[in-house]
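**Q** Right, I'll just put the structure down here and ask away after.
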Amino acid sequence: MIDEIAPNFYRIATYVPSYDLQFNQFLVVDDEVLLYHTGMRKLFPLVREAVAKIVEPSCIRWIGFSHFEADECGSLNEWLSQAPQAQFISGTIGAIVNINDFALRKGRVLAADEILTTGSYRFRLLETPHVPHAWDASLLLEETESVLFCSDLFLQKGNGAPLSEEDLVSPARQALLDYEAGSLRQPLVYTGLTRDTLRALAELRPKLLAIMHGSSFKGDGESALRDLSEMYAATL
314 MIDEIAPNFY RIATYVPSYD LQFNQFLVVD DEVLLYHTGM RKLFPLVREA
364 VAKIVEPSCI RWIGFSHFEA DECGSLNEWL SQAPQAQFIS GTIGAIVNIN
414 DFALRKGRVL AADEILTTGS YRFRLLETPH VPHAWDASLL LEETESVLFC
464 SDLFLQKGNG APLSEEDLVS PARQALLDYE AGSLRQPLVY TGLTRDTLRA
514 LAELRPKLLA IMHGSSFKGD GESALRDLSE MYAATL
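Here the numbering used here is used: the sequence shown runs in plain steps of one and ends on residue 549.
Right, dumping it as structure tokens:
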């Protein structure tokens, strides 16, 4: 499923019934095309087919992701092979501990708050260790349109709508409770670092939350992130 959730910002969603979960990638069309989240290797043919309906896959210039996990960057090398000019973008921790060794070729390592310009859009790397999870975690903020790429934050189960203006914290809480009751317990932890990171993200006042699993959100991103932090504090 392909949806343009903002001008030039495309959401590519694959619903996997066995997980009852959407796996979403985001393609930003600009002078230099950026793909955020690669998807798992087994999803590469489907995602590539979807990308080809928007742009020529070989023209992708930048590939971003939050942390080292199959759905975040599992097919990174397939994309690097597909797009000869493409480079991954990563925070310092991710590059040192994982991606420099994993990737087929050298990428661009961004310092905290460093800006990547793709033409009309400006992407700021946010170092967010352990948020949503993993030491190497980072997020990306597109400053021109105020889009925050949230990775696993606000994860919702099911095959939801591409974009919502409704509360996403309640379905995110239910998904978390479902995982805590099953074999995928403790996907997240809530600490003082989590609280402070979510507060800092809220202060960015994003207008669009690009969410990896479930519907993306258009509206008051500041309040949504504060509500998410309170939910995590009460639930975890």
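Where is the CB? At the ideal position from N, CA and C, for every residue including glycine.
Nothing here was measured: the structure is a model prediction, and the numbers come from that model.
State buried or exposed for Trp375, treating a residue as buried only when at least 16 other CB atoms are found within 10 Å of its CB.
**A** Counting Cβ neighbours within 10 Å, Trp375 comes out buried, since at least 16 surround it.
**Q** Whole angstroms are fine: how far does the CA of Glu543 sit from the CA of Pro445?
**A** When rounded, the distance between both Cα atoms is 15 Å.
**Q** Check for me: the beta strand (DSSP E) holding Gly505 runs from which residue to which?
**A** Careful: Gly505 lies outside any beta strand (DSSP E), inside the alpha helix (DSSP H) at Gly505 to Ala515.
**Q** Looking only at its chain, what residues have a beta carbon closer than 8 Å to the beta carbon of Ala474, apart from the 5 residues adjacent to it on each side?
**A** Only Ser528 meet the Cβ criterion.
**Q** Kindly indicate which three-state DSSP category Ile367 falls into: helix, strand or coil?
**A** Coil at Ile367, not helix or strand.
**Q** For Asp316, list the residues DSSP reports as bridge partners.
**A** Bridge partners of Asp316: Arg324.
**Q** Rounded to whole angstroms, what's the CA-CA distance from Leu389 to Phe357? Just pull it up for me.
**A** Rounded to whole angstroms, Leu389 to Phe357 spans 9 Å at the Cα level.
**Q** Beta-carbon separation of Arg508 and Ala546 under 8 Å?
**A** Yes. Within cutoff.
**Q** Please report the residue range of the alpha helix (DSSP H) in which Val482 lies.
**A** Its alpha helix (DSSP H) spans residues Val482 to Glu493.
**Q** Can you tell me whether DSSP reads Ala523 as helix, strand or coil?
**A** Residue state, collapsed to three classes: strand.
**Q** Check Gln434 in the structure and name its three-state DSSP category.
**A** Before going on, a small fix: residue 434 reads as Tyr here, not Gln. The answer is coil: DSSP assigns Tyr434 none of H, G, I, E or B.
**Q** At 3 residues or longer, what runs of the beta strand (DSSP E) sit wholly inside the segment 392-437?
**A** Within the segment 392-437, the complete beta strand (DSSP E) runs of at least 3 residues are 400-404, 421-423 and 428-430.
**Q** Three-state secondary structure (DSSP) at Glu385?
**A** Glu385: helix per DSSP, three-state reduction.
**Q** Determine, using beta carbons only, whether Gly407 and Thr351 come nearer to each other than 8 Å.
**A** No.
**Q** Kindly confirm or deny that the segment 496-516 and the segment 426-433 touch, where touching means at least three C-beta pairs closer than 8 Å.
**A** Contact fails: fewer than three Cβ-Cβ distances are below 8 Å.
**Q** Can you name the residues that DSSP bridges to Asn337?
**A** Asn337 pairs with Ala326.
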